[in-house]
Each structure stands twice: as C-alpha cells, then as structure tokens.
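Let me begin by presenting the structure, written as structure tokens, before commenting on it.
Protein chains: 2
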Amino acid sequence: MSIGRTTANFKTLKYWGKRDKTLNLPTNSSISVTLAQEDLRTLTTAATSSSFEKDNLWLNGKEEGIKGDRTIACLKDLRLLRREMEAADASLPKFSEWPIHIVSENNFPTAAGLASSAAGFAALVVAIAKLYQLPQLMSELSKIARKGSGSACRSLFGGFVAWEMGDLTNGEDSKAVEVAPLSHWPSMKAAILVVSDDKKDTPSTTGMQSTVATSDLFEHRINTVVPKRFEEMKKAILSRDFAAFGEMTMKDSNSFHAVCLDSYPPIFYLNDTSKKIIKLVHALNEQEGKIIAAYTFDAGPNAVIYYDQEHENKVLGLIHKYFHQVSGWEKVSDQVAQFEDLSIPFDTEAYKGVSRIILTQIGSGPQETSESLVSEQGLPK
Amino acid sequence: MSIGRTTANFKTLKYWGKRDKTLNLPTNSSISVTLAQEDLRTLTTAATSSSFEKDNLWLNGKEEGIKGDRTIACLKDLRLLRREMEAADASLPKFSEWPIHIVSENNFPTAAGLASSAAGFAALVVAIAKLYQLPQLMSELSKIARKGSGSACRSLFGGFVAWEMGDLTNGEDSKAVEVAPLSHWPSMKAAILVVSDDKKDTPSTTGMQSTVATSDLFEHRINTVVPKRFEEMKKAILSRDFAAFGEMTMKDSNSFHAVCLDSYPPIFYLNDTSKKIIKLVHALNEQEGKIIAAYTFDAGPNAVIYYDQEHENKVLGLIHKYFHQVSGWEKVSDQVAQFEDLSIPFDTEAYKGVSRIILTQIGSGPQETSESLVSEQGLPK
Chain P
6 MSIGRTTANF KTLKYWGKRD KTLNLPTNSS ISVTLAQEDL RTLTTAATSS
56 SFEKDNLWLN GKEEGIKGDR TIACLKDLRL LRREMEAADA SLPKFSEWPI
106 HIVSENNFPT AAGLASSAAG FAALVVAIAK LYQLPQLMSE LSKIARKGSG
156 SACRSLFGGF VAWEMGDLTN GEDSKAVEVA PLSHWPSMKA AILVVSDDKK
206 DTPSTTGMQS TVATSDLFEH RINTVVPKRF EEMKKAILSR DFAAFGEMTM
256 KDSNSFHAVC LDSYPPIFYL NDTSKKIIKL VHALNEQEGK IIAAYTFDAG
306 PNAVIYYDQE HENKVLGLIH KYFHQVSGWE KVSDQVAQFE DLSIPFDTEA
356 YKGVSRIILT QIGSGPQETS ESLVSEQGLP K
Chain Z
6 MSIGRTTANF KTLKYWGKRD KTLNLPTNSS ISVTLAQEDL RTLTTAATSS
56 SFEKDNLWLN GKEEGIKGDR TIACLKDLRL LRREMEAADA SLPKFSEWPI
106 HIVSENNFPT AAGLASSAAG FAALVVAIAK LYQLPQLMSE LSKIARKGSG
156 SACRSLFGGF VAWEMGDLTN GEDSKAVEVA PLSHWPSMKA AILVVSDDKK
206 DTPSTTGMQS TVATSDLFEH RINTVVPKRF EEMKKAILSR DFAAFGEMTM
256 KDSNSFHAVC LDSYPPIFYL NDTSKKIIKL VHALNEQEGK IIAAYTFDAG
306 PNAVIYYDQE HENKVLGLIH KYFHQVSGWE KVSDQVAQFE DLSIPFDTEA
356 YKGVSRIILT QIGSGPQETS ESLVSEQGLP K
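The following block contains the structure:
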C-alpha cells in the first residue's frame with residue numbers, strides 16, 4: 006500500500022495550447038507555483054494485491070472505476086516501468102500483473118475551477134510510483150503525469166516549477182523541472198478569491214484547441230512573447246524579485262485571456278467581478294509605487310493574488326476591507342487587528358460576486374503521509 | 006450660412022493605435038459603415054460675418070466657445086484653404102478673416118459612447134467647407150476631419166468607408182476613401198444595443214496610447230493581422246458577401262478587445278452583458294448554419310449588430326424575444342407580428358443590462374439640409 010498527497014499549482018506563465026492532444030504536449034513552456042498542502046490538496050492511496058478482482062478507482066467516496074483514456078495511459082506507463090524492474094530482479098513481487106485499487110480524495114471547493122485535475126493526476130502518479138518503488142526521478146515521472154493532465158506534471162515538484170515544452174514528437178523531453186524549491190522563497194503567499202459565476206466555462210481542453218486553431222494572435226504569443234518571458238520569469242524567481250515576478254505574472258495572465266478572447270468564437274473566463282479584482286490590485290500597486298501584489302487567472306473567473314509575507318498586512322488588509330463578508334478569513338482572525346486600512350476606493354458590493362477566500366502559501370509538493378484511505382482489504386475506509 | 010449633417014460610423018475593422026497623436030495618424034488602416042441620418046446624427050450649422058465679435062461654438066444649446074486644440078486645428082486648415090481661394094479671386098468675400106459661428110446639435114443618447122465625436126468633427130468640417138465653398142474632394146477634407154478625431158474622417162462618406170493609414174509623417178496620405186456607397190448594399194442594417202455600465206471607460210485616446218506602449222500582441226495585430234483583413238474585408242463588401250464580412254467584423258472586434266486586455270494595466274470595454282450578446286449572436290449563426298448576424302463593439306460595452314434585411318425577421322425576432330422590454334422598438338411595432346420565434350436559450354434577465362435599442366441602417370453620409378440652427382443674427386435659434 007502506498008500513499009501520496011499532492012497539491013494544486015497555479016500557473017504564473019500560462020500553459021494554453023497543445024501541439025499533441027493525446028500526449029498533452031504544449032505549444033509553449035510554462036511556470037507555476039505549487040501551493041501548500043493544507044489548503045488545496047488531493048490525498049491518494051494506491052494498493053495492489055493479487056486477490057483484487059480488477060483495477061478500480063474511488064474518487065471522493067464514489068466508485069468511479071478506471072475509465073478515462075488519460076488515467077489508463079498513466080497506469081500503463083507506470084506498469085511498464087514496474088515490469089522493467091521485475092524483469093531485472095526476479096525476487097520482486099509481480100505488482101505489474103496485479104489489479105490496483107486507487108482511492109482519492111480532495112478538499113477543493115466543488116467545481117470551483119481550481120486545477121483539481123492537475124493535483125489529482127499528480128497524486129495518482131506519485132502514489133503508484135511509491136507503491137511500485139520506482140527509482141525514476143520526479144522529472145521522469147512528470148512525463149507520465151503530463152499524459153493525465155498537462156498541468157499535473159508541474160505538481161510533482163514543490164516551490165517554483167517550470168514545464169519545459171520540449172521539441173520531440175514523442176514527448177520524451179516535455180517535462181517538469183524545479184526552478185527553485187519552497188526554501189528559496191518561503192515568504193511567497195497567495196490569496197485565492199473564488200468567484201461565483203452563472204455560466205459554465207469552456208472546458209480548458211476544448212478552449213485550447215479552439216485558440217490554437219482560430220486565434221490570429223496566438224502564434225505570436227507562443228513564438229515571441231512567452232519564450233522571452235519564460236527566461237525572464239525564471240530569473241525573477243531566482244533573484245526573488247517580486248516586482249518583476251509580479252509584473253510578468255499579471256501580463257501573462259492578461260496575454261492568455263487575450264488570446265482566449267481572440268479565439269473564434271471568443272472564449273471568456275474573466276467576468277465583471279474578476280475585472281474589479283484586477284483593477285483593485287493595480288490600484289494598490291499604484292498607490293504603493295511598486296508591485297506588492299500580483300493577480301493571475303486560470304481558465305475561470307477565480308483570482309489568485311500572490312504577495313510576499315512582508316506586505317501581508319497591506320495586501321490582506323485591502324482584500325479584507327472589501328471582502329470580509331466571505332468565508333475563509335477564520336485562519337487569520339488573530340491577525341485582522343494588524344491589517345492596514347488603505348484608502349483605495351472600490352465597489353463595496355463586489356464581495357457579492359465572491360463565494361470564499363482561500364489563504365495559502367507556496368508549498369513543498371508531493372509528500373508521503375501516514376494517513377491511508379484504504380482498508381486492509383484494499384477498499385476505501 | 007451653411008448647414009451640414011453627418012452621422013456616426015461604426016468600425017468593422019478597428020482603428021486602435023496612433024503613430025502621431027497631434028495629427029491623429031493611425032497605426033493601421035480601418036473600415037467602417039456609416040449609419041443612417043435619422044438615428045444617430047449631428048446637425049451643424051456654420052455662419053460667418055464681419056460683424057461677429059469672435060469665433061464661437063454652441064453644442065446642444067450650450068455656448069462652449071472654440072477651445073479644444075483639435076477644433077482649432079480643423080478651423081485653421083479650413084481657413085487656409087479658403088484663403089488660397091480668396092488670393093486667387095479677389096472678388097470673393099474675405100470669409101477667412103471673419104469670425105465664425107458654429108452651432109451643433111446631436112441626437113445621440115448622452116454619453117453612451119456611440120462615436121459622437123467622430124460625427125461631430127465630420128459635421129463641423131463639412132459645414133464650414135460648404136460655407137467657404139471649398140472645391141476640395143471629400144477625401145481631401147477627410148484629412149482635416151481626421152485631425153479633429155481620427156474616426157471622423159470616415160464619416161465624410163456614406164456607405165462603406167476605408168481610412169487608409171498612409172505612410173507619410175505629415176499625414177497627407179492618411180485619408181478616408183469610399184469602398185462602396187450606400188446604393189451598393191442598401192439592405193445592410195444595424196441594431197445597436199446600448200449597454201448600461203457602472204464604470205467609466207478608459208477614454209479611447211488614453212487607451213490607445215497605453216496599448217501601443219504596453220501590449221506585446223499589438224505589433225502583430227497591426228503588422229500582420231489587420232493588413233490582410235483590410236484587403237479581405239474590402240473584397241467581402243464589394244461582393245456583398247455577408248458571411249465573410251460578418252466573420253471578419255466579429256473577429257476584428259475580438260482582436261481589438263484582446264489587445265486592450267493585453268495592455269498593462271489591462272483595458273476592459275466589454276462587460277458581462279456584452280459577452281452574453283456575443284454568445285447569443287454566435288448561437289444564432291450556429292443554429293442557422295451560416296453567419297446572418299455580426300456584432301462589433303467599439304471602446305465601450307455597446308453592441309452593434311449588423312445583418313442583412315433579408316434576415317431581419319430572424320435577427321430582430323431573436324433580439325426582440327430577449328430584449329423587448331427596452332425602449333426603441335416603436336419604430337418596428339408593425340413588424341413584430343412577423344418576427345420569427347427562434348428557440349435559442351438565453352439569460353432572460355440580460356435585458357436588465359441594456360438601456361435601449363437603436364434600430365438603424367447604412368446611411369448616405371454628410372448631407373446638406375434646409376434646417377438651420379442659426380438665426381439671421383448668427384446666434385443659435
């Protein structure tokens with residue numbers, strides 16, 4: 006039995022566009038920050054036994070079975086690596102031939118569009134790799150997670166992670182690498198405003214295909230804008246330059262949503278509440294005379310606002326001022342008295358468009374845990 | 006005394022970006038449709054007399070005086086042309102030396118962002134050119150109107166109008182030309198949904214400057230996307246190919262708003278209501294299996310929906326179904342019974358974001374009128 010936990014990651018340099026749908030090979034390299042375990046995490050336990058009837062998967066307590074092509078592809082790759090080990094060492098039990106049970110739970114707000122599938126596939130790969138005692142490095146395993154969900158490959162590392170797009174058609178060089186670990190910049194924090202939305206977003210896989218096929222601005226983004234930004238953002242992270250990191254994060258979020266809007270038909274992920282939050286962050290930075298907070302939005306209206314611990318009382322103070330009505334502030338209730346009261350005008354009704362706040366920070370990536378979701382009989386507890 | 010009327014024009018290929026702020030020289034060529042007189046028009050009367058005390062201007066009944074640099078620049082150019090005439094023919098009265106009175110009225114909904122300044126400067130130039138009996142062709146005069154407001158140059162023609170960006174630094178080749186007159190495609194109609202908005206838009210001059218200076222996608226738009234589309238859109242107009250014209254109109258609107266969003270800080274003109282209207286138009290076209298309606302949005306949330314008369318009962322039928330509560334339908338009250346009832350699902354509350362509908366059609370451009378706004382004494386009536 007093996008247990009793994011992984012967490013969500015939020016792109017600061019966006020992944021948008023596939024050059025190979027089946028292998029999840031991207032049209033550009035990307036960078037993300039992996040967030041802390043306690044707030045947004047998937048806990049996955051894998052167990053194998055010759056006595057199990059068949060491969061099976063339980064998600065949040067519900068038996069799902071192993072159906073999706075992407076899950077099947079990950080499982081196949083992991084079994085192949087295990088088979089190679091077994092072939093080299095006859096004393097090893099034949100795990101690769103036994104059915105596998107996977108039990109997974111996440112604590113993401115339901116359907117909030119918070120990259121739960123990335124965390125899910127990362128946790129699945131890590132849990133099975135541990136069960137199989139695979140010797141491969143995380144970058145190697147990230148190629149398997151990538152086939153499950155592109156962004157999942159970056160969740161195999163903590164801290165700041167790059168997904169190098171690679172050139173090969175078989176995807177063997179399209180993998181995640183660590184830019185810097187959590188310990189390099191542990192004061193990086195994030196406030197996630199979960200924005201309510203009345204409409205269903207375009208699923209990201211469909212959206213990407215549409216952008217690649219129809220946006221006239223997309224080629225310029227992936228060939229010219231992103232490659233330059235990729236190098237510059239790595240430098241900003243390595244030198245812990247929040248202003249540079251923040252500016253690029255905001256610009257790349259906007260650039261990504263711009264090519265979505267330039268798709269035909271256009272794809273909209275930002276709503277009026279998202280736009281208000283964007284303006285609030287710019288107003289804060291302008292008043293401070295430097296960038297102390299940076300927003301990014303994935304394929305949905307939720308805002309992720311990065312800031313450094315040193316400016317927490319300002320950044321959270323401003324967000325608290327206008328969004329104190331939403332749930333999620335309990336975590337910092339003893340800090341509220343220190344929050345600064347900045348005078349930045351804002352729509353005092355904007356909180357109505359937000360369902361909750363998640364206060365979190367940079368995380369250490371996949372971790373083993375003693376907490377198991379599987380009983381001795383190999384079934385969900 | 007001379008009287009001119011001109012109307013608004015709505016860009017189908019967007020003008021966004023100046024290479025020269027003072028001369029209003031654009032970074033790309035653009036195309037627009039000039040709309041009909043009765044719905045959105047500026048009526049301007051110009052009078053000159055040696056007995057007037059000074060140059061003066063009244064706008065919608067209010068004495069404004071001639072203050073703005075742009076108005077002064079237009080007046081100077083027009084006087085220069087008149088002076089040349091007077092120099093060549095001594096029998097002509099010395100209008101160029103006399104004070105001028107300009108009285109202007111428009112019927113645009115207040116501050117609705119419906120290109121009223123373009124119509125205003127076009128009417129001013131036409132009225133004074135008539136008063137001065139200038140022999141210059143409209144394209145020549147369009148260069149003067151352009152200095153008032155870039156888009157104004159296109160309002161000097163009816164029908165479909167191109168603004169050729171030109172190359173010269175003095176702007177002498179940056180002028181409007183007719184693509185096709187009203188008579189070429191008289192069945193082109195437009196429904197304008199005036200969208201309410203709680204925030205002040207970024208003024209277009211400021212917005213353009215910001216996009217030119219900060220958007221990473223902008224250069225690609227103006228150097229690659231627009232030049233190709235400019236030629237293709239002219240062809241679509243000349244062949245009365247609504248599907249091609251409509252698709253390019255929608256794509257260019259989206260491309261323009263994409264580079265606004267890619268600006269730093271980002272500029273938003275579309276709001277949630279605008280986005281709903283965009284989706285409705287795409288849903289209609291999809292159900293019909295061809296493009297019979299096309300939206301375009303200028304620097305604000307108002308939707309201009311173009312369609313051909315032959316599909317009026319479908320297009321207006323759908324808009325009426327979901328926006329019948331807003332004012333502006335009186336004009337077609339006898340037609341409502343023929344409207345088709347299409348079954349396209351939509352947010353039935355969306356009408357709350359729209360203040361009125363303006364039903365209009367392609368127009369013939371500047372026209373002389375017997376209606377004068379100036380009394381015999383040279384003052385507003």
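As they're listed, the protein sequences go chains P and Z. With the numbering used here applied, the first sequence covers 6 to 386. With the numbering used here applied, the second sequence covers 6 to 386. Here a beta-carbon is modelled for each residue, glycine too, at the ideal position from N, C-alpha and C.
*Give the DSSP-derived three-state secondary structure of Z/Y300 in the structure shown.*
Looking up residue 300 of chain Z in the second sequence gives position 295. In the structure shown, Z/Y300 adopts extended strand secondary structure according to DSSP, grouped into three states.
*asked:* Taking DSSP's pairing of strands, which residues face P/H325 in a bridge?
replied: Within the first sequence, numbered from 1, the residue matching residue 325 of chain P stands at position 320. P/H325 is not bridged to any residue.
_Rounded to whole angstroms, what is the Cα-Cα separation between Z/D19 and P/I105?_
For the purposes of this step, residue 19 of chain Z is taken as the residue at position 14 of the second sequence. For the purposes of this step, residue 105 of chain P is taken as the residue at position 100 of the first sequence. In the sequence as displayed, the identity of residue 19 of chain Z is Lys instead of Asp. About 58 Å.
*Under 7 Å between C-beta atoms, does Z/S260 make it to chain P?*
Residue numbering aside, residue 260 of chain Z sits at position 255 when the second sequence is read from its first letter. Interface residue, yes.
_For P/T254 and P/A299, believed in contact at Cβ under 8 Å, the rounded distance_ = Position 294 of the first sequence, counted from the start, is the residue given in the question as residue 299 of chain P. Position 249 of the first sequence, counted from the start, is the residue given in the question as residue 254 of chain P. Rounded, the Cβ-Cβ distance is 4 Å, consistent with contact.
*Using a Cβ-Cβ cut-off of 7 Å, state whether P/D267 counts as contacting chain Z.*
Within the first sequence, residue 267 of chain P is the residue found at index 262, counting from 1. Yes, P/D267 counts as interfacial toward chain Z.
*Meets three-Cβ-pair contact criterion under 8 Å: the region 61-69 of chain Z and the region 182-198 of chain Z*: Taking a cut-off of 8 Å for Cβ pairs, the region 61-69 of chain Z and the region 182-198 of chain Z do not touch, as fewer than three such pairs fall below it.
*Work out the CA separation of P/A41 and P/T365 for me, nearest whole Å.*
By 1-based counting over the first sequence, the position of residue 365 of chain P is 360. By 1-based counting over the first sequence, the position of residue 41 of chain P is 36. Their Cα atoms are separated by approximately 6 Å.
*Can you tell me which of the three DSSP states P/L30 falls into?*
Position 25 of the first sequence holds residue 30 of chain P. The DSSP-derived three-state label of P/L30 is strand.
*Reducing DSSP to helix, strand and coil, say where P/K280 ends up.*
Along the first sequence, read from residue 1 onward, the residue named residue 280 of chain P stands at position 275. Assignment of P/K280 by DSSP, reduced to helix, strand and coil, places it in the helix class.
*Should P/K256 be flagged as near chain Z, meaning a C-beta pair shorter than 7 Å?*
In the first sequence, the residue the question calls residue 256 of chain P occupies position 251. Yes, because at least one Cβ of chain Z sits closer than 7 Å to the Cβ of P/K256.
_So that I know if they touch, is there some Cβ in chain Z lying closer than 7 Å to that of P/A263?_
For the purposes of this step, residue 263 of chain P is taken as the residue at position 258 of the first sequence. Yes, its Cβ sits closer than 7 Å to a Cβ of chain Z.
*Hey, Z/I283 and Z/E252: beta-carbon distance below 7 Å or not?*
By one-based count along the second sequence, residue 283 of chain Z stands at place 278. By one-based count along the second sequence, residue 252 of chain Z stands at place 247. Not in contact: Z/I283 and Z/E252 (Cβ atoms no closer than 7 Å).
*Taking DSSP as the reference, what is the three-state secondary structure of P/T39?*
Position 34 of the first sequence holds residue 39 of chain P. Residue state, collapsed to three classes: strand.
*Regarding P/L364 and the ligand ADP, is the C-beta to nearest heavy atom distance less than 6 Å?*
With respect to the ligand ADP, the structure shown offers nothing to examine, as it has no ligands at all.
_Which same chain residues end up closer than 7 Å to P/L321 when comparing Cβ atoms and leaving out the 5 residues on each side of it in sequence?_
Counting from one through the first sequence, the residue named residue 321 of chain P turns up at place 316. If we look at P/L321 and ignore the five residues flanking it on each side, its Cβ neighbours are A196, V337, F344.
_Let me confirm a value: Z/A95 is counted as buried when at least 16 other C-beta atoms fall within 10 Å, else exposed. Which label applies?_
The sequence position of residue 95 of chain Z within the second sequence is 90, counting from 1. Exposed, since its Cβ has fewer than 16 Cβ neighbours within 10 Å.
*Which residues, in order along the region 214-234 of chain P, keep a beta-carbon less than 7 Å from a beta-carbon of chain Z?*
In summary, the residues of the region 214-234 of chain P whose CB is separated from some CB of chain Z by less than 7 Å are D221, L222, H225, R226, V230, in the order they occur in the chain.
*asked:* Using beta carbons (cut-off 7 Å, strictly below), is P/G276 in contact with chain Z?
replied: Here residue 276 of chain P refers to the residue found at position 271 of the first sequence. In the sequence on display, residue 276 of chain P carries Asn and not Gly. Answer yes: the Cβ-Cβ gap between P/N276 and chain Z drops below 7 Å somewhere.
_Helix, strand or coil for P/N65? Go by DSSP, reduced to three states._
Translated into positions along the first sequence, residue 65 of chain P becomes position 60. Of the three classes helix, strand and coil, the one that applies to P/N65 here is coil, per DSSP.
*Proximity test, Cβ basis, 7 Å: P/P306 and chain Z*: Walking along the first sequence from the start, residue 306 of chain P turns up at place 301. So, not an interface residue.
*With DSSP as the reference, label P/L222 as helix, strand or coil.*
Mapped onto the first sequence, residue 222 of chain P falls at position 217. Looking at P/L222 - three-state DSSP - the assignment turns out to be coil, as it is neither helix nor strand.
*asked:* Quick check on the DSSP output: what are the complete alpha helix (DSSP H) runs of length 4 or more inside the region 236-268 of chain Z, in order along the chain?
replied: Entirely contained in the region 236-268 of chain Z, the alpha helix (DSSP H) runs reaching 4 residues are, in chain order, 247-266.
*To the nearest angstrom, report how far apart Z/V264 and P/V199 are at their CA atoms.*
Here the question's residue 264 of chain Z lines up with position 259 in the second sequence. Here the question's residue 199 of chain P lines up with position 194 in the first sequence. Straight-line Cα distance between these residues: approximately 26 Å.
_Cutoff 6 Å; reference Z/S122; Cβ partners in own chain excluding five residues on either side_ = Indexing the second sequence from 1 puts residue 122 of chain Z at position 117. Only residues of its own chain outside the window of five on either side were considered, and among them S154 have a CB closer than 6 Å to the CB of Z/S122, listed in chain order.
*Using DSSP bridges, identify the partner residues of P/I363.*
Here residue 363 of chain P corresponds to residue number 358 of the first sequence, with the count starting at 1. Beta-bridge pairing by DSSP links P/I363 to P/I197.
*7 Å Cβ cut-off: residues of chain P touching Z/K280*: As a working note, residue 280 of chain Z is residue 275 in the second sequence. Neighbours of Z/K280 on chain P, chain order: F273.
*What did DSSP end up calling P/E183 once you bin it into helix, strand or coil?*
Walking along the first sequence from the start, residue 183 of chain P turns up at place 178. Three-state DSSP puts P/E183 in a strand.
*In its own chain, which residues sit with a C-beta less than 8 Å from the C-beta of Z/S380, not counting the 5 before and 5 after it?*
For the purposes of this step, residue 380 of chain Z is taken as residue 375 along the second sequence, with counting starting at 1. Cβ within range, chain order: K386.
*Using a C-beta cutoff of 7 Å, does P/H287 count as contacting chain Z?*
Here residue 287 of chain P is taken as the residue at index 282 of the first sequence, counted from 1. For P/H287, the answer is yes, since a Cβ of chain Z falls inside 7 Å of its Cβ.
*Using alpha carbons as the reference points, say which of Z/P271, Z/F261, Z/A288, Z/D267 lies closest to P/P270.*
Here the question's residue 270 of chain P lines up with position 265 in the first sequence. Checked all of Z/P271, Z/F261, Z/A288, Z/D267; the closest Cα to P/P270 is Z/A288.
*Would you tell me roughly how many angstroms separate the C-alpha atoms of P/S360 and P/A134, rounded to the nearest one?*
In the first sequence, counting from the first residue as 1, residue 360 of chain P sits at position 355. In the first sequence, counting from the first residue as 1, residue 134 of chain P sits at position 129. The C-alpha of P/S360 lies about 37 Å from the C-alpha of P/A134.
_Exposed unless 16 or more other CB atoms sit within 10 angstroms - verdict on P/T53_ = The residue given as residue 53 of chain P occupies position 48 in the first sequence. That one is buried.
*Check each candidate in Z/T278, Z/E43, Z/T374 and name the one with the smallest Cα separation from Z/S201.*
On the second sequence, residue 201 of chain Z is found 196 positions in, with the first residue counted as 1. Minimum Cα distance to Z/S201 is reached at Z/T278.
*asked:* Let me check understanding here. Comparing Cα to Cα, which of P/N259, P/I272, P/D267, P/Y312 lies closest to Z/D267?
replied: Counting from 1 along the second sequence, the entry for residue 267 of chain Z is found at position 262. Nearest neighbour of Z/D267 by Cα position, chosen from P/N259, P/I272, P/D267, P/Y312, turns out to be P/N259.
*Relative to the alpha-carbon of Z/L129, which residue among Z/F162, Z/L80, Z/Q141 has its alpha-carbon at the smallest distance?*
Along the second sequence, read from residue 1 onward, the residue named residue 129 of chain Z stands at position 124. That would be Z/L80, whose Cα lies nearest to the Cα of Z/L129.
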